[in-house]
Structures are given as C-alpha cells and as structure tokens.
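First up is the structure itself, then whatever we jot down about it.
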Amino acid sequence: LLAVLLEMRWSRQQGLGLYRSADTKASLAMGLLALLVELLPRMLAIVVMVKLYEISPLRDVVQHQWWAWVLLFFLDDFSYYWFHRSNHEIRLFWAGHVNHHSSRSLNYATALRQGVGERLHKFLFWLWLPLLGFDPAMIITMISINLFYQFWIHTTAIDRLPNWSETIFNTPSHHRVHHASNVRYLDRNHGGVLIIWDRIFGTFSEELDAEPVEYGLTKNINTFNPAAVAVGEYLNLWRDISAAEKPADKLRYLLLAPGWHHDGEDRRSNNLRASR
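This is the structure:
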C-alpha cells in the first residue's frame, strides 16, 4: 500500500495520470475478493499436499536442506509458468484470470487486482511437488515469495534493467509486455521470477520502443464494478457454450484459448499474429 501511495504521488508530480480513482478502487476490491475466494481452496490444497507428502518416498531425502530450497525455487517457478500460461491458453481458466488484465493502466494497484476465479484451480499445478518429497510448508512459502516478487514489476516507472537481469529475470519491461493488448505482445512473458521459461518454451517477447504497449484487453470491459469484472467472462463463456450446438464445440469453448469461435473468425493470439 505504501508503494501504491508513492507511485501515485510520483504519477501526479509527473502529470502521467497512471491512477484513476474508480479503477484503483476496483483493483483493491478485487484483491480483497481474491483473498477471500482463495481461503477454502488453499486449505484443501494444504490437506492434499500433506497426504501426498506422507506417501512420498523422497521426503526423508529432501527434508529442509539448503539445496532443497534452491531446487524448490526453480520447480515452483516452473509450476507458476505453466499455471500462468494455462490461464491464458484455456478459456475456462482465462475467465478466472481476465480481471487481472482488465485495467487500462499498469501500476502497483493493478498488481493487487488479482484473478479471482483462478484461485479455484491454482494449487492443482503444485500438487506434484509434495510427491517429490517437498514439505508443504516449504511449497506454500515459496509460492508466497514468488507472488511477492511479482508485485514490483507492475510499473511503468522503472525502465529496462541491465542486460544480464533482463535475460534471466522477469522485469518491469517484460511484464509490461504481458499486460499489453497489442497483437505482437498477446499471451507472452508468463514467467514469475524468471523469464527463462518463456525463452525456452517460445512465449517470450521483448518490449519494443517502436511499438509502445497498450494496456487492457482486446475487448475492454467498460465497468469498474468489481463483481461484474470478476464474473463477466464466465457469463460470456456461458453464452458462447449455449450458442454452440455440437457437444465437441461446447468442449472447445472450455478448453481452447480465448478467441476461438465455432461460427466465426478464429481470433486466438497466435492466429492474429500470423495474419499480420
């Protein structure tokens, strides 16, 4: 909150207009809503993690040794990458993540504008780690550290960092790309702490001076009502499923990326880029 206030003051002094009252209030409200929605899934996930940890043949090997924390850092970030990428490439998951991208500004309040519905499926992507012998308390701690890191990269106040940092870590420049609605930048830079996974799996895009970032969605949500923003894409998804007659098409709406339609242009991000 202190960072939000400091950035807000800086924006006002520079005349940048990065903060709008209604938008900021919506971000803070959805952040609180996400915390509430996550309570039960988190508790259930911890119970399941403990059960899986108890049957792991590796728990006596891993324990809490220093190298286990180092290894867990990379495995946690790898899990986050696929969780985050899935939120962009599976429409059912996108419906729970879209509100994080719904602001047309990027600032520290936007960082608190967490996806609400994604809290329901989030922890599924980490259930393999207790089977490898990692203590659930270690896993939850590392998840929190990863999320805490991502707060500071939601800003336009920090320009590009030294090349070695931009090569390895997720930075404000990389995350500006992630929040862009430009076709070139859509569904890119899903990393948490590290950007190496995007480089390895082909989802990396550099921020280009020749193409300034435009924040928001390809079809922006014209409301600041937190409830409407949180559930709006679920309603859109339901309407599309209802309009499809074939069961296979109904399933495609759930599992394919946003932009696929059974009776119109395929506007998934990769197709949009290919048609440019």
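Residue numbers (this note's numbering): 3 to 278. C-beta atoms are modelled at their ideal positions from N, C-alpha and C, and glycine is treated no differently. Keep in mind the model is a prediction, meaning the values are calculated, not measured.
{"query": "Rounded straight-line distance, which links the Cα of F153 to that of F226", "result": "22 Å"}
{"query": "According to DSSP, residues forming a beta bridge with F171", "result": "L196"}
{"query": "Beta-carbon spacing of L122, P43 below 9 Å", "result": "yes"}
{"query": "Residue burial classification, L3 (beta-carbon count within 10 angstroms, cutoff 16)", "result": "exposed"}
{"query": "Alpha-carbon to alpha-carbon, S277 and K221", "result": "19 Å"}
{"query": "For Y21, three-class secondary structure by DSSP", "result": "coil"}
{"query": "Touching by the beta-carbon criterion (3+ pairs, under 8 Å), the segment 15 to 28 and the segment 92 to 107", "result": "yes"}
{"query": "Distance CB(L126)-CB(S183) smaller than 9 Å", "result": "no"}
{"query": "Beta carbon of D200 nearer than 9 Å to that of R186", "result": "no"}
{"query": "Continuous alpha helix (DSSP H) stretch holding I155: start and end", "result": "From DSSP, I155 is part of no alpha helix (DSSP H); its letter is neither H nor E."}
{"query": "Inter-residue CB distance, T173 and I155 (contact presumed, cutoff 8 Å)", "result": "6 Å"}
{"query": "C-alpha gap between F76 and V100, whole angstroms", "result": "26 Å"}
{"query": "Neighbour flag for F136 against chain B, beta carbons, 9 Å", "result": "No chain B is present in this structure, which holds just one protein chain."}
{"query": "Alpha helix (DSSP H) segments (min. 4 residues) lying fully within the segment 186 to 270", "result": "198 to 203, 228 to 245, 249 to 257"}
{"query": "A159 vs W12 beta-carbon contact at 9 Å", "result": "yes"}
{"query": "A232 vs V118 beta-carbon contact at 9 Å", "result": "yes"}
{"query": "M10 versus K27 - alpha carbon distance", "result": "13 Å"}
{"query": "Test item: CB-CB of R93 and L257 under 9 Å", "result": "yes"}
{"query": "Stretch-stretch touch, CB-based, cutoff 8 Å, three pairs: the segment 193 to 208 with the segment 164 to 179", "result": "yes"}
{"query": "Residue span of the alpha helix (DSSP H) that contains V15, given as start and end", "result": "In the sequence as displayed, the identity of residue 15 is Gln instead of Val. Run containing Q15: 4 to 16, per the alpha helix (DSSP H) assignment."}
{"query": "Burial state of I202 (16 or more Cβ within 10 Å)", "result": "exposed"}
{"query": "Nearest-angstrom beta carbon gap, R241 and A259 [assumed within contact, 8 Å]", "result": "No, A259 and R241 are not in contact; Cβ-Cβ is about 18 Å, not under 8 Å."}
{"query": "Residue burial classification, L54 (beta-carbon count within 10 angstroms, cutoff 16)", "result": "buried"}
{"query": "Contacts around K248, its chain only, beta-carbon distance under 8 Å, and the 5 residues preceding and following it disregarded", "result": "H264"}
{"query": "Pairwise C-alpha distance: E209 and M51", "result": "38 Å"}
{"query": "Endpoints, alpha helix (DSSP H) assigned at G98", "result": "93 to 99"}
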